Amino acid sequence: MTMKAWMKILIIVPTLCVAGMVTYAQSQGSSQQSGSDPVADAARKAREDKKNAAKPKKVYTDDDVKPAAAAAAKAATSAQAMPAELRRRRRGAAEDG
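Okay, structure coming up:
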């Protein structure tokens, strides 16, 4: 290569590097000025989604079911006792009558 070719390379390469850095800096500055930080946008969207989320449904556990089962057992016991009480009354009425 000749001396003129080297001089052109020594001038062109740094010029292209500087031009690339300027372009990159301008693109970074414009994205920060527009305020569109993707992490901040995602956080805002997550907060908004959390506010609008439906409340969780009630989960029934054994503690919720046991009192009802005990009440049903008492009702069944009293229902079985009712016919016996009615039979006694009928016997009493038949003996009186």
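Residue numbers (my numbering): 1 to 97. Every residue gets a Cβ at the ideal spot worked out from N, C-alpha and C, and that includes glycine. Since we're looking at a predicted model, the values are computed, not measured.
Measure the C-alpha to C-alpha separation of residue i and residue j and round it to an integer number of angstroms.
i           : j          : result
residue 85  : residue 54 : 52 Å
residue 47  : residue 59 : 25 Å
residue 102 : residue 26 : Absent from the model: residue 102. The displayed extent of the chain is 1 to 97, so no value can be given.
residue 64  : residue 50 : 28 Å
residue 4   : residue 18 : 22 Å
residue 52  : residue 38 : 21 Å
Looking at the structure shown, is residue i part of a helix, part of a strand, or coil, going by DSSP?
i          : result
residue 56 : coil
residue 36 : coil
residue 3  : helix
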